[in-house]
Amino acid sequence: MTAAIIGANTGFLLLTFLPPIFWLLFYLREDRHPEPKRLLLMAFLGGMASAGLAIVVEILVIGQEGLLSLNEGVIGNAFMIFLVIGLIEEYVKYLPVKFLIERRKDFDESVDAMIYMMTSALGFAALENALFIFPLLHVNLPLGLEVTANRFLGANLLHALSSGIVGFFLARAWFHPHRKHFIFLGIIIAAILHAVFNALILLRETLPQGTWYIILLLATMTVMVFIDFERLKKKSSP
Numbered sequence: 001m002t003a004a005i006i007g008a009n010t011g012f013l014l015l016t017f018l019p020p021i022f023w024l025l026f027y028l029r030e031d032r033h034p035e036p037k038r039l040l041l042m043a044f045l046g047g048m049a050s051a052g053l054a055i056v057v058e059i060l061v062i063g064q065e066g067l068l069s070l071n072e073g074v075i076g077n078a079f080m081i082f083l084v085i086g087l088i089e090e091y092v093k094y095l096p097v098k099f100l101i102e103r104r105k106d107f108d109e110s111v112d113a114m115i116y117m118m119t120s121a122l123g124f125a126a127l128e129n130a131l132f133i134f135p136l137l138h139v140n141l142p143l144g145l146e147v148t149a150n151r152f153l154g155a156n157l158l159h160a161l162s163s164g165i166v167g168f169f170l171a172r173a174w175f176h177p178h179r180k181h182f183i184f185l186g187i188i189i190a191a192i193l194h195a196v197f198n199a200l201i202l203l204r205e206t207l208p209q210g211t212w213y214i215i216l217l218l219a220t221m222t223v224m225v226f227i228d229f230e231r232l233k234k235k236s237s238p
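So the sequence shown is residues 1 to 238, counted in the UniProt record's numbering.
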């Protein structure tokens, strides 16, 4: 019985990691010069750690006893919360790249910034999945599988794309020292897109064709990221 429980728990845990790992492998194909596996692992694990940090900061800022005072009405408060969450999460996903990757000699091409940022983001998404989906799989397996699929096509993809956008601005900032402020611009843009996504998720049942707005947002971000990849790959080409 114990072995069966451990086996089920292991299977459920692996299931929560599959969506971000799929997206990670998908985007790594965009790198013509594969990055060292140890650095990718560091970025991924750092992203997982950053998810824990984000939870703590969000509780401190927007929890019941948080620092943020909300007096903008229901809709205004909701958007402020989403914007603050977006800013916190986009910034903490950048921290593993900033402290673990940027100074490495292998961080030597513009496109590397996007690769490592998206790797960190998918580590972040993996821990989020484990925290949100793992308990649900025990209680209601069909619902847990449905949420896993929804996060695969929604939140996990959103995290990768928004951090890909930050990575593009990081590349512009890192390889052009007079543009250091670009990284903050990238985080702000990503946070706004993140906030819009969260708002659409909340409103999708009441907003006419709400699901299509979510699809349109993710499709637009996907196009942005692929265009950014191509621009940086051209800069990295000899």
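Yeah, the Cβ is synthetic: ideal placement off N, Cα and C, and Gly gets one too.
Does the separation of the CB atoms of residue i and residue j fall below 8 angstroms?
i	j	result
Leu170	Ala113	yes
Ile88	Val111	no
Ala121	Ser163	yes
Arg151	Ile133	yes
Ala54	Val97	no
Leu100	Gly46	yes
Glu109	Ile187	no
Pick helix, strand or coil for residue i, following the three-state DSSP scheme.
i	result
Thr119	helix
Leu103	Per the sequence shown, residue 103 should be read as Arg rather than Leu. Three-state result, Arg103: coil.
Thr220	helix
Arg172	helix
Arg32	coil
Glu89	helix
Leu206	Looking at the sequence provided, one finds Thr at residue 206 rather than Leu. If DSSP states are grouped into helix, strand and coil, Thr206 belongs with coil.
Asp108	coil
Ile5	Residue placement at Ile5 is flagged as unreliable, the pLDDT there being 35, under the threshold of 50; the coordinate-derived value follows with that caveat. Three-state result, Ile5: helix.
Lys180	coil
Gly154	coil
Gly11	Bear in mind that a pLDDT of 45 at Gly11, under 50, signals an unreliable position, so the model cannot answer this.
Excluding sequence positions up to five away, which residues of its chain have a Cβ less than 6 angstroms from the Cβ of residue i?
i	result
Glu128	Ala51
Ile183	Phe169, Leu170 and Ala173
Leu40	Thr119
Gly167	Ala113, Met114 and Met117
Kindly list the residues whose CB is nearer than 7 angstroms to the CB of residue i, restricted to its own chain and excluding five residues on each side of it in sequence; keep chain order.
i	result
Thr10	Low confidence applies here, because Thr10 scores a pLDDT of 46, under 50, leaving its location unreliable; read the following figure in that light. Hits under 7 angstroms: none found.
Met1	Because the pLDDT at Met1 is just 36, under 50, the model does not fix this residue reliably, and the value given afterwards should be weighed accordingly. Once the five neighbours on either side are set aside, Met1 has no close Cβ partner at all.
Ala3	In this prediction, Ala3 scores a pLDDT of 32, lower than 50, which makes its location untrustworthy; no coordinate-derived value is stated.
What residues in its chain sit with their C-beta under 8 angstroms from that of residue i, if we drop five residues either side in the sequence?
i	result
Glu102	Trp174
Ile214	Gly154, Phe197, Leu200, Ile201 and Arg204
Pro34	Leu28
Val223	none
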